[in-house]
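Numbering (UniProt numbering), first residue to last: 1 to 1246.
Every residue gets a Cβ at the ideal spot worked out from N, C-alpha and C, and that includes glycine.
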C-alpha cells in the first residue's frame, strides 16, 4: 500500500526508473483492515452518477461528493475552473472500495473539500479498463504496488500528479489521512501550479516512454521459453497445499492451463508427469478449501492464507469461467471425479446466481452482506460463514441416511472442521471480523476415509450424507440477506464463461445439452444486445424491473472484448458446428485489426481504439493476470483462424504478436504463460480433425463425442455436412474442397479425390473413417537451388577455361583444349541425367502447412459397433479382463521418405485391424500407467488405441516422431486403427566401417485395454511373412534409391510389457530399414568412373605435360568432384563411392608432382661421356633451324639420351623407362577398378 507523506517530495528519477519496469509487476490487492458499512436507508440523489447504469457508479450517486462520470463534461469543467482532478477507480464488489466510501466519501467535510478544490471523477474499472490500466501503471511505478480503490490526482490535461490506493480518512499511526492529503494538494496547486503541471507532463512522458514497443526481428525460442516458465512455476509450487507462492494466493487459471498444456506436449517426460501432479494437487486443494463455496457453489476470488482456507468472499464471473474450462480440460486428461464435480459445481453456480433470463451473465457477487435482515451494517463474508451453533441448529436433529445413530451435524463438523470457537486462525483474520465463525474447509481424502470407518459407513455413503447436509445448509442460508449483485453484463467476461461452458459440454456428456444451451444463449445475448452498427459494445445493464438497457452513449468494446469473444465463438463452433460463428469470428478479427492494431510498431494490439483524447497514452496488455492477456488470446485466435480459413495473413499477424512480445518472453516468460501456449502451438505443426457426415445422424454425434472427450490443445475440429455443398467454410477454405483421402483395401497407395465428387462412391465399399490422417501425396516439381548451383559451378568453370583458350587464339585442335572441352560435355550430361532438367520431383504433404487431415463419413452400420458401448463411460481397464480373445492384425505402410544431407525422414503407417465390436480404443489406460517413468531412450507414442515406442539400435542415430491417427470402421463392425509416424533417422557413421544403408528400428506396439494372454497378434501376409511392408505410390519419383523394410525380429516387449500387470499387452517388432540404391548406384558408377578415367587419360594425349598451364587444366575437374560431396546424397554407399572417386582423382595431381620432380632430377644431373662428345661436335656450333635433325650413332653399350622436345617426350611417354610413370599409368587404374569391383560386390550382395 502507498505510504503517503508528502506528495511532492519524491525523487522523479526514481519514479521514471520504476515506470520503465511497469510490465514486471502485477496488481496487488491492499488489505489492511475491516469496516462497518453505511446504513441502507435511502438518500436523495446528489450528483451526476444518478444518471448512470453501472452498479458501482450508482453506489456513489448518493455521496455528498459532486462526482462526475468519466467524460467531456468533467474535463471541460476542470479546465474552466482550473482545478486538479481527483480520479477514483474501483468496482462494485470491491471490499476496500466500500471501506473508503463509508469512511471518506460519505463524510460531509471530506465531500466539501473535494467539491471546493477538485473536480471529482468516479470510474468503474470494469467499464473502462483502459483508464484503469493507464493510471494503475503509474501507481504501480510510484508505490511498488497497486489495487483498488485507486486514487489518482491529475492535472486538467489528465496528466498524473500523484496518487495511491486506499487512504484512511484521518491521520493515524504515522500515515497521512485523506483529508490532509486533499489540503496539501490543493495548497500546492494554488501556490505552485506551473511546477505541478510541469511535473505532470514529465510523468506522462515517462509513461509514454515506458510503453514504447519494439518488435524483434526474430521470434522467441518457444521450447526454451516454455521450459523456463515451467521451471519458475515448479519452484514456486506449494507441494503441500497446491498453488504457487504464499499468501495471498489466487487460483490463477492461466498458470493452470499452461501446466496442463505442458503435461500434454512434453509427455512422457518426468517434467510432464510432475506438471500433472502439480495440477492434481492444486485442483484438489482448491475444491476442498474454503475458497470453494461448499454450500452455495462457485469459487471466491482469492485466499488470504496459503492453505486456501479463508477467502476474500467476492465471486467474479471471470474466475468462474476460466476455472470452469480448466477443470473441464483437466477432466478430459485424467478423468478424475473431483474435476467433473467441480465442473458441475461452477456451472450450477453461474446458472443459479449470475444468469439473466435472456442468457447474459452478470459480473460478480459482493464479499459483504448483512448478517441478518435486521442488521444495519454489512460484514465481509457474513453470507458464507457459519457459527457452531448455527450448524448444530440446522443439522443437529437430522440423522444420516446410512447410520441412524450418527447425525449429520457430527459428520459436517468432522468433515469441514467446524469448531465451537470457530476455525478461522487469527493470522487470517487480523481484525477479528470472523471471530467465532467457521469457513467450511473439507479435510483430505485420508481423513474422510477415517471418518467413514469411525461411523461405520463407506466413503461413498459418507459423501452422500454430506451432500444431504449441504442441501439443508443451503436452504438455511437462502434465508439470509444476499450479497450485492453486480448485474452489469460485460462482453469480455461473458466470453470467458462461454468458453468454459463449451469445454464443460465436451467433457461432461451427460450435462452437455445443458452447458451447450447456456453457451448458445450467451452468444445470442451478445449478438442481440452488445452489437451496435457492426461493432461490439463493452457492457449492457439491467434496470429495476430486469430489462436490458443501455446508457445514452454506449461504451464501445475494447480489445479484450473482441479477443475473448472470438475465442468463445471458435470454442462454440467446435461444439455445435454453426458456420455463422466462424464467419462472425472472422468479421470481428478484421474489425479488431482495424481498431486496435499497433500500426507504428506492428507488434500487437492496444487496449483502446485510436482517437480518444481522454487517453493520453494507449496501453498494451503485456502480461497475464487474473484475466488472460489480450495479445495472448488474440495470437491463439489468429493461429486457429489461420488454419480454419487457410489464411496466411492471420498466421503472419500471430507471428507479429510473438515478435512484439519477444523481449518480455525472453526475460520474463512466466508473466505470459498464455502467450507461451500460443507460441509453442505455432512453432509445432498443428493438426485438423475434419469430420464429414450428416449432422442429424446419431452415430456421427457419438463419434464427435469421442473426439470431444479428448483434450487437443494443438488441434482444430471441422465438421462438413455431406448433404450441403454451399457451406460457408467450404467456400473459404479451398483445402476442404480439394481432398478427401480414402484408404482402399488391398492397395498400398492413398487415393486423393474431391470430397464432394467422390464421397458417395468412396463410401460404398464399407469403409468409413474417423480421425483419418490425410496422406495425400501430390508430386510437384521444384527447383533445387542448392543442387542447381552445385552442378552449374564446374560447368561455368569449364566454360570460363575454354573462353580463356579462345582468347589466347587456341583452337579446339589444340590438345591443351581437349580436356576442358570433355569436362564441359561431361558436366552438361551429368546435369541433365542426375537432375533432369535441373529439377527434382519430390513428394509433399497435402498442403503448404503439412497439416494433418482426419475424415469421418457417417454410416448406419455403426449401430452394430456401438451395441455394447457407451462413450459416456470410461470403464476401468481391469473390468475388460474376461472378454474373448481379440485378434489384432498388424501391417506397416511406407508412405514417404525425404532425404536430407545427413539424414532421412521416414513416414510410416501402422495399421491394426481389431476384431473388437466395443471400440475399446476409448478406454483411457493412463490411470493405471501414468506413474511409470519409462527409460529416456524409449520414445513412447500414445494414440487412442495402442501405444507405440520407437528406438534405434545404433547409438548415433536420432529420431523425431510426429504422430497422428485415424480409425477405419469395417463393414463387418471391426475397427482398423491407423497411426502415422515420422521417424527422422540419422544415417551418420557410428564408428563401424564400412557404413551400410541398413538400420534396425524397434517398434513397441502395445494395447492398454487387454491382458497379454487375450490378444492374438498377426502380421499382414502371414504365414509366411514375406513382405509385410506396403509402399505408397509415387514414392520413388525423382529418387535414385528405393526404400525397403525387412522384418528382423518380433517378440514380447522386454520393457513395456510389464508396466501394468494384466492390463497391458505388448509385442516388439524390430524392422530393418534399407535404402536399396542399386539403380542409383549403377547410374552413379558410370559418371564416377569417367571422372577418374578422364583425369588419367589426360596424360596420354597431352604433348606438353611439363607446361605449368597443363596443371591448371585439372582444377575444374578437382572442383567438380569436391563439390559433388556437398550434394544431398541419398545413401551412404553413394557418398563413399564419390569419396573413392575423389581420392583417385587427387592421386592424378600427386602423379603430376612426382613425375615432374623425377624428370627434373634426371635432366639436371651430370652429363654422360656420349653427351659430352655430342656437345663437342662441330655442327653443334651452328644454330640449328627449327627443322634441323640431329643424327646420333649409338653403340650397343651406350644409353639412349634424347635432347629438346624429343627428349622430353621420351622421358614421359615414349619409352616407359621411368618406373614411376609405369606405376602411375598401370597400377593405379588397376587399383581403382579392383576397388570399384570389390565395393560394388560388397554393397550389392553382402
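The beta strand (DSSP E) that contains residue 119, what's its start and end?
DSSP places residue 119 inside the beta strand (DSSP E), whose first and last residues are 119-124.
For residue 648, does the count of other Cβ atoms within 10 angstroms reach 16, so buried, or fall short, so exposed?
Exposed, by the Cβ-count rule.
For residue 67, which beta-bridge partners are listed by DSSP?
Looking at the DSSP assignment, residue 67 forms a beta bridge with 120.
Taking the beta carbon of residue 503 as the centre, do at least 16 other beta carbons fall within 10 Å, making it buried, or is it exposed?
So residue 503 ends up on the buried side.
From residue 186 to residue 163, what distance separates their C-alpha atoms?
Looking at the backbone, the Cα of residue 186 and that of residue 163 are separated by about 14 Å.
Does DSSP classify residue 316 as helix, strand or coil?
In this structure, residue 316 counts as strand in the three-state DSSP scheme.
Say whether chain B places a C-beta atom closer than 7 Å to the C-beta of residue 126.
Looking for chain B here will not work: only one protein chain is present.
With a threshold of 8 Å, are at least 3 pairs of Cβ atoms found where one atom belongs to the region 355-374 and the other to the region 399-419?
The region 355-374, when compared against the region 399-419, does not touch it at the 8 Å Cβ threshold.
Please classify residue 534: is it buried, with 16 or more other beta-carbons within 10 angstroms of its beta-carbon, or exposed?
Answer is exposed; the Cβ neighbour count stays below 16.
Taking all protein chains shown into account, do 16 or more other C-beta atoms lie within 10 angstroms of the C-beta of residue 612, making it buried, or fewer, making it exposed?
Around the beta carbon of residue 612, fewer than 16 other beta carbons lie within 10 angstroms, which makes this residue exposed.
Using 10 angstroms around the beta-carbon of residue 96, count the other beta-carbons present and answer buried if the total reaches 16, otherwise exposed.
That one is buried.
Inter-residue CB distance, residue 489 and residue 523 (contact presumed, cutoff 8 Å):
Actually they are not in contact, since the Cβ atoms of residue 489 and residue 523 sit about 13 Å apart, beyond 8 Å.
Out of 1089, 537, 542, which one is the CA nearest neighbour of residue 555?
Proximity to residue 555 across 1089, 537, 542 peaks at 537, based on C-alpha coordinates.
Three or more C-beta pairs under 8 Å: does that hold for the region 682-691 against the region 709-721?
Yes: at least three Cβ pairs fall under 8 Å.
Under 8 Å: do the region 562-571 and the region 589-602 share three or more Cβ pairs, one atom per stretch?
They touch, by the three-pair rule.
Only counting the same chain, and skipping five residues up and downstream in sequence, which positions put a Cβ closer than 8 Å to that of residue 515?
The answer, listed in chain order, is 347, 501, 502, 504, 505, 508.
Expressed to the nearest angstrom, what Euclidean distance is found between the alpha-carbon atoms of residue 407 and residue 634?
When rounded, the distance between both Cα atoms is 54 Å.
Can you give the beta carbon distance from residue 1250 to residue 679, rounded, assuming they're within the 8 Å contact cut?
Because the chain is modelled from 1 through 1246, residue 1250 falls outside the range shown and cannot be assessed.
Under DSSP, the alpha helix (DSSP H) around residue 150 begins and ends at which residues?
Here residue 150 belongs to no alpha helix (DSSP H); instead the beta strand (DSSP E) covers 150-154.
On the three-pair Cβ rule with 8 Å, is the region 259-270 touching the region 317-325?
Put simply, the region 259-270 does not touch the region 317-325. Fewer than three CB pairs are less than 8 Å apart.
Does the beta-carbon distance from residue 84 to residue 118 come in below 7 Å?
At a Cβ-Cβ threshold of 7 Å, residue 84 and residue 118 count as neighbours.
Return the CA-CA distance between residue 839 and residue 1089, expressed in angstroms with no decimal places.
The pLDDT assigned to residue 839 is 29, lower than 50, so where the model puts this residue is not dependable, and the model offers no usable value.
Does the contact criterion of 3 or more C-beta pairs under 8 Å hold for the region 381-393 versus the region 433-446?
Proximity of the region 381-393 to the region 433-446 meets the contact definition, three or more beta-carbon pairs being nearer than 8 Å.
Between the region 661-680 and the region 617-628, do at least 3 Cβ pairs fall closer than 8 Å?
A contact exists between the region 661-680 and the region 617-628.
Counterpart residues of residue 717 in DSSP-defined beta bridges:
Residue 717 pairs with 689.
At 3 residues or longer, and completely inside the region 514-555: list those beta strand (DSSP E) runs for me, N to C.
Taken in chain order, the complete beta strand (DSSP E) segments of 3 residues or longer contained in the region 514-555 are 539-542.
DSSP beta-bridge partners of residue 459
Paired residue(s): none; residue 459 is not in a bridge.
Pairwise C-alpha distance: residue 280 and residue 750:
For residue 750, the predicted model reports a pLDDT of 28, less than 50, meaning its position is unreliable; a value from the coordinates is still stated below. Inter-residue distance for residue 750 and residue 280 is about 43 Å (C-alpha atoms, whole angstroms).
Check the C-beta distance from residue 58 over to residue 122 and give it rounded, since I have them as a contact under 8 Å.
Actually they are not in contact, since the Cβ atoms of residue 58 and residue 122 sit about 10 Å apart, beyond 8 Å.
Using alpha carbons as the reference points, say which of 336, 174, 517, 576 lies closest to residue 351.
Ranking the options by Cα distance to residue 351, first place goes to 517.
Do the CB positions of residue 557 and residue 569 come within less than 7 Å of each other?
Using a Cβ distance threshold of 7 Å, residue 557 and residue 569 do not count as a contacting pair.
Start and end of the alpha helix (DSSP H) containing residue 658?
From DSSP, the alpha helix (DSSP H) with residue 658 extends over 648-660.
Taking the DSSP output, what are the residues bridged to residue 358?
DSSP lists no partner for residue 358.
Straight-line CA distance for residue 120 to residue 182?
Their Cα atoms are separated by approximately 12 Å.
So does the region 70-78 actually touch the region 121-141, counting three or more Cβ pairs closer than 8 Å?
Contact between the region 70-78 and the region 121-141 is present, because at least three Cβ pairs lie under 8 Å.
CB-CB under 7 Å to residue 255, same chain, minus the five flanking residues each way: which ones, in chain order?
The residues are 233, 244, 673.
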